[in-house]
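Residue numbers (the working numbering), protein chains in the order written: chain A, 625 to 850; chain B, 625 to 850.
Backbone N, C-alpha and C fix where the C-beta goes; we use that ideal spot for every residue, glycine too.
For clarity, every value in this text was computed on a predicted model and none was experimentally measured.
Read the structure below first, then the notes.
Number of protein chains: 2
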Amino acid sequence: MKILIVEDDKRIAVPLKEELQHQNYVVDVAHDGLQGLEMAKAGQYDVVLLDLMLPKLSGFSVCKQLRESGNSCAILMLTARSGKVDKVVGLDCGADDFVTKPFDLDELSARVRALFRRSVAHSRSSVISCGPLQINTVSCLVTYLGNVIDVTPTEYRLLMHFAHNPTAIFRGEELLHKLWSPESVGGRETIKTHIKTLRKKIAAVGVSEQVIETVYGFGYRLRSDV
Amino acid sequence: MKILIVEDDKRIAVPLKEELQHQNYVVDVAHDGLQGLEMAKAGQYDVVLLDLMLPKLSGFSVCKQLRESGNSCAILMLTARSGKVDKVVGLDCGADDFVTKPFDLDELSARVRALFRRSVAHSRSSVISCGPLQINTVSCLVTYLGNVIDVTPTEYRLLMHFAHNPTAIFRGEELLHKLWSPESVGGRETIKTHIKTLRKKIAAVGVSEQVIETVYGFGYRLRSDV
DNA sequence: GTCGATCTTCACCAGATCTTCACCTGCCCT
DNA sequence: AGGGCAGGTGAAGATCTGGTGAAGATCGAC
């Protein structure tokens, strides 16, 4: 749910950021290649939107160095030049997708959704299911056993992250790093509180079991059985 | 390394097949939607190149039905129409990439390579085995001969260290230095106690052998035979 | 500006876990 | 056989982790 935009042209970066934030992604922006590389290495992003023509360090170099450092986030390249060579070189130096400017915002966000899906092999449709929990990623509607659960954006991102990795255990700090942008990371209490309210909302729907279970000393996990 | 092309126009299918075969992929071709769906379901393909305008069954339907049947191969859609709606619908019904005709052969094969990379990157196993001991590093679940052993974080770290170095013998002090942070290193009793509780927990699961054996004067070792 | 929803922080509690202590057992060597 | 010492055991205290309610901070809508 975390996206990094590496783009120096603010006329492109700003509307892109707003559109993606509107779709409940956590979005950070880097304004040159060097900053982009640093942030991508540190920030645990799922998708990086990478412009090719960048100050200080080209998009190709960022992509290559990111891969060499073992990072496996999805990379979508953006470029004004539509030459075939660029595309082939870009894809072969580790990018996962390639879009030429001017691009359509709807197409781009569809490609971003596809990259998210691909990074989690089990959810191919716009509805992510984890046992009785269903998340419609288009309407952002969350249901549990058919009952609608009214969640806030932060709770939505938390549930998405759990649903994408069923049975996986996440430490509180891990969730903070993966779902919050670096400048707004809070304390452990933040996670505790969001988990608490999520549990309360799910319980209000009539579910007595603990859907988000805590494994003491390890973290939180979403139960896919009931 | 297996690719399926679903395309009725032979002027496209034939050169595409030849190009991909030239790159050492195993390539099959289906000439309509129905045939494509059947072959994709049966043939265990890594990547499916799917034309949208097909006789008998549209590319959208093939894609959707393939996903609904649980198939998770990579799907790359091809179409002559370059409308944005097609792209968004295509990507959201489960395709991983989208290319409009006329496409460049080099670009297409670069995209195919990117899809392969992605599917390989995600098939990494997360289970560490050492004989009958299994540690799932995603769910932090430890099992011995299939029985779940409920371990604390410190015990988990100990087991991980043993499982990473099967047959190796570790002195108590060595374990302290490797698994504890420098400022919180405790006394030798600490290790003794943790080994004790680990042994007790494994024994509680019905294992009579000493799984963590002590080699007098040298240290502890995890037995991988039984 | 006010209002409400949401997000974050705080102080405090209960319980799980970790470490330490004192003492016991059993191996190795002379 | 007996001393010395590595290793085992149980229990008590210290420490850490997660849960809770309420208060403060932030943001957007009107």
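*Unbroken alpha helix (DSSP H) run spanning A/Tyr-780, endpoints*: 777 to 788
_alpha helix (DSSP H) runs contained entirely in the region 691 to 723 of chain B, provided each spans 4 or more residues_ = 708 to 716
_Let me check one thing: in DSSP terms, what residues is A/Phe-794 bridge-paired to?_
A/Tyr-844
*asked:* I want to verify the contact list: residues of chain B whose CB lies under 7 Å from the CB of A/Phe-587, in sequence order.
replied: The structure shown does not extend to residue 587 of chain A, since chain A is modelled only from 625 to 850, so the question has no answer here.
*In or out: A/Asp-670 buried (at least 16 other Cβ within 10 Å) or exposed?*
It counts as buried.
_I need the straight-line Cα distance from B/Gly-843 to B/Glu-798, nearest angstrom please._
9 Å
_Residue of A/Gly-755, A/Pro-756, A/Arg-741, A/Ser-805 minimising C-alpha distance to A/Val-762_ = A/Arg-741
_Reference A/Ile-773, options A/Leu-681, A/Val-829, A/Pro-726, A/Leu-732, closest by Cα_ = A/Val-829
*Leaving out five residues on either side along the sequence, give the residues of the same chain with a beta carbon under 6 Å from the beta carbon of B/Leu-690.*
Ala-664
*Could you name the residues that DSSP lists as bridge partners for B/Ala-654?*
B/Val-630
*asked:* Run through the DSSP bridge pairs and tell me what A/Gln-647 is partnered with.
replied: Per DSSP, none; premise fails for A/Gln-647.
_Here's a check: name, in chain order, each residue in its chain whose Cβ is nearer than 8 Å to the Cβ of B/Ser-750, leaving out the five neighbours to either side._
Asn-760, Thr-761, Val-762
*So which residues on chain A does B/Glu-731 lean against when the C-beta distance must stay under 7 Å?*
Lys-708, Lys-711, Val-712
*Out of B/Thr-703, B/Gly-694, B/Glu-692, B/Asn-695, point me to the one whose CA is closest to B/Val-630's CA.*
Closest in alpha carbon position to B/Val-630, among B/Thr-703, B/Gly-694, B/Glu-692, B/Asn-695, is B/Thr-703.
*Are A/Val-782 and A/Leu-757 closer than 9 Å when you measure CB to CB?*
Reading off the sequence, residue 782 of chain A comes out as Leu, not Val. It is not a contact, given that the beta carbons lie outside the stated cut-off.
*Determine the DSSP secondary structure at B/Cys-687, reduced to helix, strand or coil.*
helix
*asked:* Below 8 Å, how does it come out for the region 711 to 718 of chain B and the region 678 to 690 of chain B: are there three or more Cβ pairs, yes or no?
replied: Taking 8 Å as the limit for Cβ pairs, the verdict is that the region 678 to 690 of chain B does touch the region 711 to 718 of chain B.
*Using a Cβ-Cβ cut-off of less than 7 Å, list which residues of the region 663 to 674 of chain B approach chain A; keep chain order.*
none
*Helix, strand or coil for B/Asp-675 per DSSP?*
strand
*When burial is assigned at 16 or more other CB atoms within 10 Å of the CB, is A/Gly-660 buried or exposed?*
buried
*Would you mind working out which of B/Thr-821, B/Leu-732, B/Ile-836, B/Pro-806 sits nearest B/Pro-790, comparing C-alpha positions?*
Cα-wise, what sits closest to B/Pro-790 is B/Ile-836.
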